[in-house]
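Protein chains: 2
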Amino acid sequence: MTIEAIHVATIQVLLAGGVGRLTTTRVAARAGVSVGTMYQYYPHKQALLFALVQRQFDLIDTAMRDAAARLAGSDLGTVAHGVATAWLDAKMADMVASRAIYGIAAEFDLSEMMSRAAQRMTQVIDTLLANVPDARFADRSSAAFMLAALLGGSVRVVMEAEPSEENFARLRCELPRACHAYLVAASQGALA
Amino acid sequence: MTIEAIHVATIQVLLAGGVGRLTTTRVAARAGVSVGTMYQYYPHKQALLFALVQRQFDLIDTAMRDAAARLAGSDLGTVAHGVATAWLDAKMADMVASRAIYGIAAEFDLSEMMSRAAQRMTQVIDTLLANVPDARFADRSSAAFMLAALLGGSVRVVMEAEPSEENFARLRCELPRACHAYLVAASQGALA
DNA sequence: ACCGAAACTGAAGGATCATTCATATCTATA
DNA sequence: TATAGATATGAATGATCCTTCAGTTTCGGT
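So the protein lines, in turn, are chains A and B.
According to our numbering, numbering within the first sequence proceeds without interruption in unit steps and concludes at 192.
According to our numbering, numbering within the second sequence proceeds without interruption in unit steps and concludes at 192.
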């Protein structure tokens, strides 16, 4: 499909040179179509990029909701570990796209989009925490907010600063542990 | 000083419209100088931006080293709290610049610079952890790495997604707690 | 095979920008 | 005050790039 080729090409171009080097001509060339064709699917460059970002956000959102459904009602340790792992899986699964997309945020104003995504994520975590049987949180919404920030931020920083296999392995090992430790600290002791 | 005016103007322009809207003319205009003047201090736009980023990184690096010196030899709780607070203070002190600068990373290739900054930060934390009397880490370097990722990431995400006073207050309250909890979990129990 | 619609093409228009340089202004020293 | 060097100016240059549209190709149905 033409449109799929355009998407793939866009990500490739983004990875090759960042948003700065992403031109409509270059994307079209890499996709094997002409510039004009692109404009039949998207009114401007920005629309193309936004569509990519939206798709990525939706993917991750869905993955987190699935994980939340699976984990509902589990004990604190399972939830902490499960959320961290689901997040890592979702990000890693489409790491190429994720990395490429981070760059778009700077050129265009994605703050509204990112804000919405963060809020949805916090919301999902919050309801998940509300149903953990063996923990009561003094300030559950703050805990959910912080957990979302820890998850989102750590992965992002590693991807941007030094995305090596070694570092991802560390993340995979340490992030669940960190989440668990934080949630235990934020909850008023175990009740089971 | 002309050069200071240029720096300030650059950050203002960055905040107003991101890297995408940052043009040499606009920066010069806002600084109250002419384009040509800018080129007497920096060979190109990129050099100007890199200088800004470097300065910011150095500021934060210095702040963290100072904090580390102050905290050397303290117990785990003090170190965790101190590092988190120092980090927040450093970032908040120049939040305007910090936010502006995040945007530069996408347009130009700052990955090398960011990688170095992250490594220095991890190193500082690592030596700090090595001198905590009441804790022994199974894998100290991983703990230092993870702590750096947690600190760097969470602040960044909040700044980008929803930089409200309320959220910073939450960060200030929860981040030290999260750091402490993680470090306790990563160390093999308290020895004091 | 023929036709209309849908999809595709890519050269050209029109903007925007980074960068240069010939010229002007300031500053400090003799 | 005269002068050299340092600093500042901003119109002009040349490049890049988004976007458009008149014309071509492809495709499904008859």
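A virtual CB, placed ideally from N, CA and C, is assigned to each residue, including glycine.
Going by beta carbons, A178(A) and L150(B) fall inside the 8 Å limit. Between the stretch 56 to 71 of chain B and the stretch 88 to 100 of chain B there are three or more inter-stretch CB-CB distances shorter than 8 Å, so the stretches are counted as touching. Closer than 8 Å to the CB of D109(B) there is at least one CB belonging to chain A. Looking at V53(A), V79(A), E4(A), the one whose alpha-carbon comes closest to that of D134(A) is V79(A). Under the Cβ criterion of 8 Å, G103(B) is counted among the residues facing chain A.
Under the DSSP assignment, H180(A) falls in the alpha helix (DSSP H) whose first and last residues are 165 to 186. Not one beta carbon of chain B lies nearer than 8 Å to the beta carbon of V27(A). Its Cα nearest to that of A185(A), the residue G77(A) stands out among Y41(A), G77(A), V53(A). Ranked by Cα distance from A29(B), the first of W87(B), H7(B), D139(B) is H7(B). Beyond the five residues adjoining it in sequence on each side, T2(B) comes within less than 8 Å, by CB distance, of A31, V33, T37, Y41 in the same chain, given in chain order. Inter-residue distance for G103(A) and Q46(B) is about 17 Å (C-alpha atoms, whole angstroms).
The beta-carbon of G77(A) is placed no less than 8 Å from the nearest beta-carbon of chain B. R136(A) has its alpha-carbon roughly 48 Å from the corresponding atom of G20(A).
Taking 8 Å as the cut-off between beta carbons, the residues of the stretch 109 to 133 of chain A near chain B are D109, S111, M114, S115, A117, A118, Q119, in sequence order. Nearest in C-alpha terms to S164(B), of all of F168(A), A181(A), F145(A), is F145(A). V96(B) has a beta carbon lying at 8 Å or more from every beta carbon in chain A.
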